[in-house]
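Trainee: Residue numbers (full-length UniProt numbering), protein chains in the order written: chain A, 1 to 261; chain B, 1 to 261. All residues carry an ideal CB built from backbone N, CA and C; glycine is no exception.
Number of protein chains: 2
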Amino acid sequence: MARTGDSTRTATVSALDALDFALDRGSPVPLYYQLAQQLEEAIEHGVLAPGNLLGNEIDLSVRLGLSRPTVRQAIQSLVDKGLLVRRRGVGTQVVHSQVKRPLELSSLYDDLESAGQGPTTRVLRNERIPASAEVAAALGIAEGAEVVVLERLRCTHGQPVAFLCNYLPAALLELDTERLETTGLYRMMRTAGITLHSARQTVGARSATAEEAVRLDEKEGAALLTMRRTAYDDTGRPVEYGSHVYRASRYAFDFQLLVRP
Amino acid sequence: MARTGDSTRTATVSALDALDFALDRGSPVPLYYQLAQQLEEAIEHGVLAPGNLLGNEIDLSVRLGLSRPTVRQAIQSLVDKGLLVRRRGVGTQVVHSQVKRPLELSSLYDDLESAGQGPTTRVLRNERIPASAEVAAALGIAEGAEVVVLERLRCTHGQPVAFLCNYLPAALLELDTERLETTGLYRMMRTAGITLHSARQTVGARSATAEEAVRLDEKEGAALLTMRRTAYDDTGRPVEYGSHVYRASRYAFDFQLLVRP
DNA sequence: TAGTGGTCTAGACCACAGT
DNA sequence: CTGTGGTCTAGACCACTAC
Numbered sequence: 001m002a003r004t005g006d007s008t009r010t011a012t013v014s015a016l017d018a019l020d021f022a023l024d025r026g027s028p029v030p031l032y033y034q035l036a037q038q039l040e041e042a043i044e045h046g047v048l049a050p051g052n053l054l055g056n057e058i059d060l061s062v063r064l065g066l067s068r069p070t071v072r073q074a075i076q077s078l079v080d081k082g083l084l085v086r087r088r089g090v091g092t093q094v095v096h097s098q099v100k101r102p103l104e105l106s107s108l109y110d111d112l113e114s115a116g117q118g119p120t121t122r123v124l125r126n127e128r129i130p131a132s133a134e135v136a137a138a139l140g141i142a143e144g145a146e147v148v149v150l151e152r153l154r155c156t157h158g159q160p161v162a163f164l165c166n167y168l169p170a171a172l173l174e175l176d177t178e179r180l181e182t183t184g185l186y187r188m189m190r191t192a193g194i195t196l197h198s199a200r201q202t203v204g205a206r207s208a209t210a211e212e213a214v215r216l217d218e219k220e221g222a223a224l225l226t227m228r229r230t231a232y233d234d235t236g237r238p239v240e241y242g243s244h245v246y247r248a249s250r251y252a253f254d255f256q257l258l259v260r261p
Numbered sequence: 001m002a003r004t005g006d007s008t009r010t011a012t013v014s015a016l017d018a019l020d021f022a023l024d025r026g027s028p029v030p031l032y033y034q035l036a037q038q039l040e041e042a043i044e045h046g047v048l049a050p051g052n053l054l055g056n057e058i059d060l061s062v063r064l065g066l067s068r069p070t071v072r073q074a075i076q077s078l079v080d081k082g083l084l085v086r087r088r089g090v091g092t093q094v095v096h097s098q099v100k101r102p103l104e105l106s107s108l109y110d111d112l113e114s115a116g117q118g119p120t121t122r123v124l125r126n127e128r129i130p131a132s133a134e135v136a137a138a139l140g141i142a143e144g145a146e147v148v149v150l151e152r153l154r155c156t157h158g159q160p161v162a163f164l165c166n167y168l169p170a171a172l173l174e175l176d177t178e179r180l181e182t183t184g185l186y187r188m189m190r191t192a193g194i195t196l197h198s199a200r201q202t203v204g205a206r207s208a209t210a211e212e213a214v215r216l217d218e219k220e221g222a223a224l225l226t227m228r229r230t231a232y233d234d235t236g237r238p239v240e241y242g243s244h245v246y247r248a249s250r251y252a253f254d255f256q257l258l259v260r261p
């Protein structure tokens, strides 16, 4: 009943009508991606409120001067991100969720770098050693092959938060100690052209040993959060194996899971 | 140099040539999905080994009697799963990874149900109460609105593993205590037509209180793994809020992260 | 230069939801 | 019934990679 007296088509009013999208066909960035970005922005800024219908894909493609598959590709990417829901016979609407921003997988790029303010890193060890059996198995290389071992202490507000131990195939990357203290390991890997793709993680807990207690400024027996991770690049080759220990009193993993049907 | 003396086209040999795919156009299951499933199976069974090229999409579509977009859709779904990698100018190859199976997000459907053998659940509490401020905030409902509170003790091999406390909007679902003891909560929700879509989790650790120690058969002060989670359905509405405590000596979270560019 | 994936088009028919 | 998204086709041109 809430319709405009439009003519050509039964044009249900949609919050989208007000928006105009600026698509640049000369740009190297794909059209579907430009559209997706602008839609995402509109959702974030609340121009498209949760529950709003997006208007059907055909009209949308006509209005934008795009083909329907291209519009679908844009919408699909936002559905994958969890920002939109499609319902056959109904339409596409903005998801009813207060959780809008933290959809990306964090904790893979620097665990703390982005979270705590002013994190610092002290590199305790950075050298090449032959791989132990455990490390070799995790990295899929021969036992005894050369790897870089890295031990770092991560602090925020002058207090230690985590002790990080990482192993990387020696040939992979030059690890400058100085840069490691100002940049995260993953950022360095990305800069070196290594594109991370997936990681297998195990998160557990245990009581602090005497040594760990000293290192992290905790009492012996305090609860610690532990994490073991093997990270893979986009070809599926293991590029990093890490064994981290966090002070549970000062850190927790926070992440978003997406269930794919 | 390793080519067949084929004619029509420069047909690079691919492990795929040997396979034949059975596509059923009468089936209600989409063609791209049928193809994706059979490709995935071939990869899992090792018919397509890591590093194998898939052969170009055009040839593949011709061989299968499909259009290229359809073939691409199938391949794309496996790329999304992390089983394949595409490289422009090179081709599509099977990922170099030993991690093949645990790509799905587990730990969202029953944390232990699938892992530990013979898990049992004892429902300690199952009643309707007014929502506390914390629960109301997590579920996006009014404080004091009716919610179901669930307390369960999960055991394997006769030993307690976790204490699970969950809150659900009361109108959402009928929770039969008896069925809860044999089925996971998420399975019950799925059966009730609630399709989970995403979840926000916080994983931490702390020392066991005296009460928790008794409940979980640990010593007071032992390290425990904690998890708080809000789960959302496919419209983004919160459908469950949980606060779980695991015995760190007997359980760890194990999961796979996928990085989307 | 040749071959690959990345993008895009302009249609088509179908299945499902709400009327 | 109408309108929606879901699937599919048969092409096209481009950008990148490797030779």
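(1) Which residues in chain B have a C-beta closer than 9 Å to the C-beta of Q256/A? List them in chain order.
(2) Between A252/A and R229/A, is the Cβ-Cβ spacing less than 8 Å?
(3) Use the C-beta contact count for E240/A: other C-beta atoms within 10 angstroms, 16 or more gives buried, fewer gives exposed.
(4) Closer than 7 Å by beta-carbon distance: list the chain A residues that pair up with T156/B, in chain order.
(5) Can you tell me where the alpha helix (DSSP H) with I43/A in it begins and where it stops?
(6) So for T20/A, helix, strand or coil by DSSP?
(7) Give the single residue among H197/A, M227/A, E134/A and R215/A whose Cα lies nearest to the Cα of Q159/A.
(8) In terms of alpha-carbon separation, which member of E174/B, V123/B and T121/B lies closest to V147/B?
(9) So, with DSSP's three-state summary, where would you put I194/A?
(10) Could you compute how far the alpha carbon of T177/B sits from the alpha carbon of A162/A?
(11) How would you label D233/B, buried or exposed, when you count the other beta carbons within 10 angstroms and need 16 or more for buried?
(12) State buried or exposed for V29/B, treating a residue as buried only when at least 16 other CB atoms are found within 10 Å of its CB.
(13) Considering only C-alpha positions, which residue in the set L257/B, R125/B, A42/B and G144/B is nearest to A133/B?
(14) Mind listing which residues of the segment 223 to 253 of chain B have their C-beta closer than 7 Å to chain A's C-betas, in chain order?
(15) State buried or exposed for L31/B, treating a residue as buried only when at least 16 other CB atoms are found within 10 Å of its CB.
(16) Buried or exposed for S107/B, please, with buried defined as at least 16 other CB atoms from any protein chain shown within 10 angstroms of its CB.
(17) For the alpha helix (DSSP H) holding R215/A, just list the boundary residues, first then last.
(18) Would you say H96/B faces chain A, with C-beta separation under 8 Å as the test?
(19) Mind checking if R88/B is an interface residue toward chain A, Cβ cutoff 8 Å exclusive?
(20) Within 10 angstroms of its Cβ, does L224/B collect 16 or more other Cβ (buried), or is it exposed?
(21) Measuring alpha carbon to alpha carbon, tell me which residue in L60/A, N56/A and L84/A is nearest T235/B.
Mentor: Walking through what the data contain:
(1) The answer, in chain order, is S198, A199, R200 and Q201.
(2) Taking 8 Å as the Cβ cut-off, A252/A and R229/A do not qualify as a contacting pair.
(3) Under this definition E240/A is a buried residue.
(4) Per Cβ cutoff of 7 Å: no residues; T156/B is ~16 Å from chain A at best.
(5) Its alpha helix (DSSP H) spans residues L31 to E44.
(6) The sequence given here has Asp at residue 20/A, not Thr. In the three-state reduction of the DSSP assignment, D20/A falls in the coil class.
(7) Of H197/A, M227/A, E134/A and R215/A, the residue nearest in Cα terms is R215/A.
(8) Comparing Cα-Cα distances from V147/B to each of E174/B, V123/B and T121/B, the minimum goes to E174/B.
(9) Assigned with DSSP and collapsed to three states, I194/A falls in coil, not helix or strand.
(10) Rounded to the nearest whole angstrom, the CA to CA distance from T177/B to A162/A is 42 Å.
(11) Buried, since its Cβ has 16 or more Cβ neighbours within 10 Å.
(12) Per the 10 Å Cβ criterion, exposed.
(13) For the set L257/B, R125/B, A42/B and G144/B, the Cα lying nearest the Cα of A133/B is the one of G144/B.
(14) Contact residues of the segment 223 to 253 of chain B toward chain A are A223, L224, L225, Y232, D234, T235, G236, R237, A248, A252 and F253 (C-beta to C-beta distance below 7 Å).
(15) Around the beta carbon of L31/B, 16 or more other beta carbons sit within 10 angstroms, so the residue counts as buried.
(16) In this prediction, S107/B has a pLDDT of 46, which is less than 50 and means its spatial position is unreliable; what the coordinates show is noted afterwards. Buried is the call here.
(17) Element bounds for R215/A: A210 to L216.
(18) It does; some Cβ of chain A falls within 8 Å.
(19) Judged by the 8 Å Cβ criterion, R88/B is not in contact with chain A.
(20) When all chains shown are included, L224/B counts as buried.
(21) Looking at the Cα atoms, L84/A is the closest of the given residues.
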